[in-house]
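Encoded as structure tokens, the structure appears first; notes follow it.
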Amino acid sequence: MNVIAAYDDLDVRDYDHGYSTPYSGAMRRRHSSMHYRTRPPLDGYRRFSSTLLKFKRKGGTRTGITLGEAMASVRLSGSDSYSVHDLGADHRGRIILKIRWPGYTSMTYEIPVDGYDGRVELETLARRIARACTHYIQANMIPISWDRVILYHLEEISIGTWQPVLSTA
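For what it's worth, full-length UniProt numbering labels the leading residue of the sequence shown as 1, then goes sequentially.
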């Protein structure tokens, strides 16, 4: 019986075939030299607290945009005032979006964060968040029209993990 896991890095000769031999010294794992940087470290200016990323129409008086406005890439004020580091993106340039709605199970999404010169384009980020929120509403069959949902801001619940603050119009 020769069973080997698909992504196991044991040599076939090192594999324990189940003949009552406990872990032996010959059963060693090889180490990989590849290294990924984890989350960006906290620096002196960035204390862990609930960071808010606000969505406001350029020239508008009210805070928040509808999901329809976000998907139409409406111009937002302060559209390039955030960096990838500010959002706590991982080594692939992605953040985790955790969407919750009262009475429904939460879902998490990976959202790519990209931009120019290290700055995040807020309109692009808002559009991607709106798509995830629309998918969440449709997947949970929430009886509400997605174009009536308002995205006020994102709240950082842990480093690189964000939760949108939503309500209905």
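Glycine included, every Cβ here is placed at the ideal spot set by N, Cα and C. Only a predicted model underlies this, so the values are computations on that prediction, with no experimental measurement involved.
Can you look up residue i in the DSSP assignment and give me helix, strand or coil?
| i | result |
| --- | --- |
| Met-107 | strand |
| His-91 | coil |
| Val-74 | coil |
| Val-113 | coil |
| Arg-127 | helix |
| Ile-65 | strand |
Taking DSSP's pairing of strands, which residues face residue i in a bridge?
| i | result |
| --- | --- |
| Lys-98 | Thr-108 |
| Trp-162 | Leu-97 and Glu-156 |
| residue 176 | Since the first residue shown for the chain is 1 and the last is 169, residue 176 is missing from the structure and cannot be characterised. |
| Ser-83 | Arg-119 |
May I have the straight-line CA-CA distance separating residue i from residue j, to the nearest angstrom?
| i | j | result |
| --- | --- | --- |
| Ile-159 | Glu-110 | 14 Å |
| Val-113 | Ala-126 | 10 Å |
| Glu-155 | Ile-99 | 11 Å |
| Gly-93 | Met-141 | 30 Å |
| Trp-162 | Ala-139 | 20 Å |
| Val-149 | Gly-115 | 26 Å |
| Ala-72 | Leu-87 | 23 Å |
Just to confirm my understanding: we take residue i, look at its own chain, exclude 5 residues before and 5 after, and list those with CB closer than 6 Å. What are they?
| i | result |
| --- | --- |
| Arg-37 | Low confidence applies to Arg-37: its pLDDT is 44, below 50, so where it sits in the model is not reliable enough to give any reading. |
| Tyr-136 | Ile-99 and Met-107 |
| Ile-157 | Gln-163 |
| Ala-89 | Ile-95 and Val-113 |
Can you list, in chain order, the residues of its chain whose CB lies under 8 Å from that of residue i, leaving out five sequence neighbours each side?
| i | result |
| --- | --- |
| Leu-151 | Phe-55, Gly-64, Ile-65, Thr-66, Leu-67, Ala-70, Ala-126, Ile-129, Ala-130, Cys-133, Pro-164, Val-165 and Leu-166 |
Measuring from the CB of residue i, is there a heavy atom of the ligand FMN at a distance below 7 Å?
| i | result |
| --- | --- |
| Tyr-104 | In the structure shown, the ligand FMN is absent, as is every other ligand, since no ligand is present at all. |
Please work out which residues of its chain come closer than 7 Å, Cβ to Cβ, to residue i, disregarding the five sequence neighbours upstream and downstream, and give them in chain order.
| i | result |
| --- | --- |
| Lys-58 | Arg-75, Leu-76 and Ser-77 |
| His-153 | Leu-52, Leu-53, Lys-54, Phe-55 and Val-165 |
For the 8 Å Cβ check, are there 3 or more pairs between the segment 77 to 86 and the segment 113 to 122? The segment 77 to 86 is in contact with the segment 113 to 122.
Would you say the segment 129 to 148 touches the segment 160 to 168, given that touching needs at least three Cβ pairs under 8 Å? yes
Pairs of beta-carbons, one from the segment 61 to 69 and one from the segment 94 to 108, closer than 8 Å: are there three or more? Too few Cβ pairs lie closer than 8 Å, so no.
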